Ligand SMILES: Cc1ncc(COP(=O)(O)O)c(C=O)c1O
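Numbering (the numbering used here), first residue to last: 147 to 534.
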């Protein structure tokens with residue numbers, strides 16, 4: 147470094163930014179004139195429903211929202227979060243003590259991990275899993291303990307991997323699951339609470355795909371426990387609001403209070419207009435959110451049926467908007483590179499999600515049907531020729 151400035155140990159410990167690397171590869175291919183179909187990231191392509199945009203426009207015009215917002219979560223938003231839990235999951239929460247808004251569930255996850263894990267404490271995370279868990283552990287100086295998900299049992303945890311572990315600050319799961327699209331069984335959540343209690347830690351559930359279940363509405367971990375469990379959710383996927391940066395946490399009042407304490411010091415406050423619009427989204431008409439599930443179902447069926455017809459090893463997922471494909475022994479990074487360079491399709495290599503993701507690629511269904519039809523044409527016979 148030219149100025150002799152050394153980053154702090156916690157920054158040096160951070161893993162490479164996986165999604166940033168994918169973006170750079172796509173940008174380089176586009177700069178070379180390739181017409182890239184980018185399915186490497188779970189970035190929703192559809193616009194936010196108009197009634198939510200209108201609520202935001204009104205809220206932005208309100209001068210009350212031009213000064214510093216109060217710390218914490220606005221009552222209307224806290225009430226709207228509690229309303230959704232009651233209606234969608236039959237879970238009663240106290241909006242004063244059991245919910246908190248964040249700038250997206252990413253920030254909620256950070257507040258939970260940083261608020262609960264001391265340096266050298268253990269954080270149990272799923273393998274494969276969303277890369278931000280490792281980043282959060284690195285920032286906290288915590289150790290990761292990998293909990294393998296068993297593909298033979300619909301990607302539920304292999305609990306025997308915790309047999310030797312005696313304590314942990316938190317056990318983290320994520321269903322519907324990024325990257326495999328698996329959904330949770332209630333047995334999985336019940337066992338997670340038992341294990342978290344045994345380990346003396348919290349059960350943290352990442353519920354980012356809370357609305358995206360194809361057979362039924364995904365199960366909330368709070369329907370099993372609210373004493374030791376906290377669930378982080380987001381408006382990013384449910385209402386196509388990924389750019390708005392708004393999400394929330396709900397569950398154990400003890401954990402929520404810890405997360406709020408961390409939030410006020412580390413992240414300050416949340417723009418009042420975003421909170422007003424988020425309240426309108428959660429408390430208002432849900433038909434657009436319901437219709438979105440059918441949009442992703444049609445996209446999933448088109449891609450999965452098309453790829454299977456060409457001999458790819460892929461099954462329809464129960465939730466999320468991802469397609470998880472086995473590479474039949476071909477190195478996933480090599481395959482992802484060939485698919486981008488030779489066929490103009492950017493996918494996420496599975497090894498970016500952990501050791502158990504190796505030998506897979508992940509596709510995000512974030513394009514309209516005509517573009518996905520083209521994706522199937524590119525990946526079908528030509529892409530399949532890259533596999534044994
Ligand atoms: C599993 C999972 N958790 C959390 C997030 C973060 O979402 P956001 O910060 O937009 O709420 C994502 C985003 O893709 C995700 O896939």
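Using N, Cα and C, we set each Cβ at its ideal position, and we do this for glycine too. Predicted model only: the values in this text are computed from it and were never measured.
8 Å contact criterion, which residue 364 and residue 329 should meet: CB distance rounded: Yes, they are in contact, since the Cβ atoms of residue 364 and residue 329 sit about 6 Å apart, within 8 Å.
Cβ neighbour criterion (16 or more within 10 Å) applied to residue 170: So residue 170 ends up on the exposed side.
Rounded C-alpha distance that separates residue 278 from residue 232: Going from the Cα of residue 278 to the Cα of residue 232 covers about 29 Å.
Alpha-carbon spacing of residue 177 relative to residue 487, whole angstroms: In this structure, the straight-line span from the alpha carbon of residue 177 to that of residue 487 is close to 12 Å.
Lining residues of ligand 1 - beta-carbon closer than 6 Å to any non-hydrogen atom, in sequence order: Every residue passing the under-6 Å Cβ criterion appears here: 188, 250, 251, 252, 276, 320, 324, 352, 354, 380, 382, 388, 393.
Three-way DSSP call (helix, strand, coil) for residue 469 in this model: Of the three classes helix, strand and coil, the one that applies to residue 469 here is strand, per DSSP.
Residue 264 versus residue 289: straight-line alpha-carbon distance, rounded: Those two C-alpha atoms are separated by around 10 Å.
Test item: CB-CB of residue 217 and residue 415 under 8 Å: Cβ distance < 8 Å, so residue 217 and residue 415 count as in contact.
8 Å Cβ shell around residue 193 - same chain, five flanking residues per side excluded: Listed in chain order, the non-local C-beta contacts of residue 193 below 8 Å within the same chain comprise 199, 386, local neighbours out to five positions each way being set aside.
Neighbourhood of residue 342 by C-beta distance below 8 Å, restricted to the same chain and skipping five residues each side: Excluding positions up to five away in sequence, the list reads 314, 316, 317, 348, 349, 374, 375.
Pick from 410, 467, 460 that is closest to residue 214, judged by C-alpha positions: Cα-wise, what sits closest to residue 214 is 410.
Residues of its chain near residue 493, where Cβ-Cβ distance is below 7 Å and the 5 sequence neighbours each way are ignored: Only 185, 186, 482, 485, 507, 508, 509 meet the Cβ criterion.
Backbone secondary structure at residue 151 - three-state DSSP: Three-state result, residue 151: coil.
Close-in-space but distant-in-sequence residues of the same chain around residue 241 (CB under 6 Å, 5 per side omitted): 224, 225, 228, listed in sequence order.
Coil, strand or helix - residue 447 by DSSP: Correct three-state label for residue 447: helix.
Rounded distance between the beta-carbons of residue 467 and residue 515, thought under 8 Å: The pair is not a contact, with the Cβ atoms about 13 Å apart (cut-off 8 Å).
Classification of residue 393 by the beta-carbon crowding that lies within 10 angstroms, buried from 16 upward: The residue in question, residue 393, is buried, as its Cβ has 16 or more Cβ neighbours within 10 Å.
Alpha-carbon spacing of residue 249 relative to residue 527, whole angstroms: Cα to Cα, the separation comes out at about 42 Å.
Beta-carbon proximity check, residue 446 vs residue 274, cutoff 8 Å: It is not a contact, given that the beta carbons lie outside the stated cut-off.
For residue 183, the residue or residues it bridges with in DSSP: In the DSSP secondary-structure assignment, residue 183 is bridged to 491.
Sequence-distant residues of the same chain with beta carbon closer than 8 Å to residue 160, five excluded per side: Cβ contact annotation for residue 160 (same chain, cutoff 8 Å, sequence separation greater than five): 281, 284, 285, in chain order.
For residue 291, the three-state DSSP class (helix, strand or coil): The three-state secondary structure of residue 291, taken from DSSP, is strand.
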